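Shown next, in structure tokens, is the structure this report addresses.
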Ligand SMILES: [Zn+2]
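Here you go:
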């Protein structure tokens with residue numbers, strides 16, 4: 002969307018994220034050890050972040066060296082001929098990459114690939130579910146962890162909560178502020194049970210985030226506790 | 014190896030045979046290290062090699078070495094075959110993709126890592142650091158699992174991984 006792009010461009014002039022993935026997550030992703038949901042969030046950050054992308058490429062090169070370092074295991078005696086026989090088979094096709102057709106010409110989509118491929122529509126046209134005042138969510142069907150988009154009205158604050166397990170958040174449009182700092186397009190926050198936070202969406206436009214939660218949240222704020230039974234986190 | 018893979022992209026079968034002889038036994042070892050039994054490793058390994066033939070034209074030697082490219086194919090095939098999950102990856106042709114800034118010190122486009130250099134650097138790592146990295150690639154152990162199994166706090170595991178990678182980068186710089 003044009004609005005999101007404008008917001009991105011205003012961030013220090015280069016539009017690049019300032020809150021990044023740590024080496025441990027990038028290493029797990031490069032090694033193939035993250036669930037599909039966590040991988041989706043990481044890959045979408047990588048689409049927006051040349052800095053983490055360079056580190057991820059370095060860690061894939063480490064994977065290449067790890068493969069090269071392994072002592073060979075003899076393959077079946079007919080393995081080569083079996084593979085050669087399949088090279089020309091036209092009935093075997095690589096699975097297509099999930100994709101969503103480009104929107105109006107010339108517009109930069111606010112949701113980058115690969116996340117865009119998991120959505121069935123542009124953000125405005127998704128079946129958002131109201132959660133509490135100022136907050137809507139849209140749940141994605143992704144393996145490995147609870148995955149959803151959150152849409153927060155400008156200036157709205159979220160109930161205070163802690164996490165039993167880890168919550169990864171990637172900002173896609175707009176921004177929010179919490180005890181840790183300011184988070185705008187492309188920024189990642191990784192929160193575990195050490196943190197007790199209360200995000201407030203920035204002014205001017207909705208804040209849309211991707212969150213991956215691998216354990217239920219426990220609300221701690223005054224209203225949070227009251228809201229707890231109704232919030233289907 | 015890079016030349017072989019480029020030749021394979023051009024449809025050269027004898028280059029493919031050479032590539033197969035080098036990589037198929039290593040891919041099989043990789044799959045077995047990650048828990049596949051002999052027959053699963055054989056089957057998935059053959060799938061990997063067929064995919065290599067089909068996708069060879071996407072290999073860009075300026076971006077990655079042949080070993081690195083082979084690693085990503087084997088890694089993704091295992092996720093697909095064993096975990097039955099997709100592997101989300103960024104798409105450089107997406108209009109929302111943020112390219113590298115034109116200028117800037119740390120952000121400048123990095124030269125691709127030569128596999129031989131990285132192999133040597135891993136061998137020079139102190140034993141525990143090499144072990145920690147091999148656990149991630151060979152033993153299917155994300156940092157949260159390493160923390161749980163070793164009884165170390167997550168923050169400690171993360172800082173040890175960071176130290177191991179910093180050391181690895183330092184060794185590789187010395188080799189340049
Ligand atoms: Zn980053």
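Residue numbers (this note's numbering), protein chains in the order written: chain A, 2 to 234; chain B, 14 to 189.
Every residue, glycine too, gets a C-beta built ideally from N, C-alpha and C.
Remember, it's a predicted structure, so these values are computed and weren't measured experimentally.
Check: Considering only residues of the same chain and omitting the five flanking positions on each side of residue 70(B), which have a CB-CB separation below 8 Å?; Outcome: 22
Check: For residue 180(B) and residue 145(B), what's the separation of their Cα atoms in angstroms?; Outcome: 13 Å
Check: Please return the same chain residues whose Cβ sits closer than 6 Å to the Cβ of residue 183(B), not counting the five positions on each side in sequence.; Outcome: none
Check: Is the Cβ of residue 37(A) closer than 9 Å to any Cβ of chain B?; Outcome: yes
Check: Span of the alpha helix (DSSP H) holding residue 141(A)?; Outcome: Note, residue 141(A): premise wrong, no alpha helix (DSSP H); beta strand (DSSP E) at 136-141.
Check: In this structure, does DSSP put residue 74(A) in helix, strand or coil?; Outcome: coil
Check: Which of the three DSSP states, helix, strand or coil, is assigned to residue 175(B)?; Outcome: helix
Check: Which residue marks the beginning of the beta strand (DSSP E) containing residue 152(A), and which one marks its end?; Outcome: 147-153
Check: By Cβ distance, which residues of its chain are closer than 6 Å to residue 19(B), with the 5 residues on each side in sequence left out?; Outcome: none
Check: Give the secondary structure of residue 206(A) by DSSP, where H, G and I count as helix, E and B as strand, and everything else as coil.; Outcome: coil
Check: I want to verify the contact list: residues of chain A whose CB lies under 7 Å from the CB of residue 99(B), in sequence order.; Outcome: 37
Check: Would you say the beta carbon of residue 52(A) comes nearer than 8 Å to a heavy atom of ligand 1?; Outcome: yes
Check: Could you name the residues of the region 62-78 of chain A whose beta carbon sits closer than 8 Å to any beta carbon of chain B, in the order they occur along the chain?; Outcome: 62, 63, 64, 65, 66, 67, 68, 69, 70, 71, 72, 73, 74, 75, 76, 77
Check: To which residues does DSSP link residue 214(A) through a beta bridge?; Outcome: 147(A), 168(A)
Check: Nearest-angstrom Cα distance between residue 26(A) and residue 192(A)?; Outcome: 13 Å
Check: I'd like to know whether the C-beta of residue 153(B) is nearer than 9 Å to at least one C-beta of chain A.; Outcome: yes
Check: Could you check whether the Cβ of residue 189(A) sits closer than 8 Å to any heavy atom belonging to ligand 1?; Outcome: yes
Check: State buried or exposed for residue 46(A), treating a residue as buried only when at least 16 other CB atoms are found within 10 Å of its CB.; Outcome: buried
Check: Is residue 86(B) near residue 64(B), with beta carbons less than 9 Å apart?; Outcome: yes
Check: Please state whether the Cβ-Cβ distance between residue 56(A) and residue 24(A) is less than 9 Å.; Outcome: yes
Check: Using a Cβ-Cβ cut-off of 6 Å (strictly less than) and excluding sequence neighbours within five positions of residue 187(B), which residues of its own chain qualify?; Outcome: none
Check: Can you tell me where the alpha helix (DSSP H) with residue 132(A) in it begins and where it stops?; Outcome: First-last for residue 132(A): 130-133, but that is the beta strand (DSSP E), not the alpha helix (DSSP H).
Check: Are the Cβ atoms of residue 150(A) and residue 136(A) separated by less than 9 Å?; Outcome: no
Check: Any chance the CB of residue 46(A) is under 8 Å from a heavy atom of ligand 1?; Outcome: yes
Check: Report yes if the C-beta distance between residue 168(A) and residue 201(A) is below 9 Å; otherwise report no.; Outcome: no
Check: Please list, in chain order, all residues of the same chain as residue 30(A) whose beta carbon is under 7 Å from its beta carbon, the five residues on each side excluded.; Outcome: 40, 43, 57
Check: Suppose you measure from the CA of residue 148(A) to the CA of residue 183(A); what does that come to, to the nearest Å?; Outcome: 22 Å
Check: Under 9 Å between C-beta atoms, does residue 169(B) make it to chain A?; Outcome: no
Check: Measuring straight from C-alpha to C-alpha, what distance separates residue 99(B) and residue 204(A)?; Outcome: 36 Å
Check: List the residues that DSSP assigns as beta-bridge partners of residue 177(A).; Outcome: 184(A), 202(A)
Check: To the nearest angstrom, report how far apart residue 164(B) and residue 88(A) are at their CA atoms.; Outcome: 48 Å
Check: Taking 9 Å as the CB-CB cut-off, is residue 136(A) touching chain B?; Outcome: no
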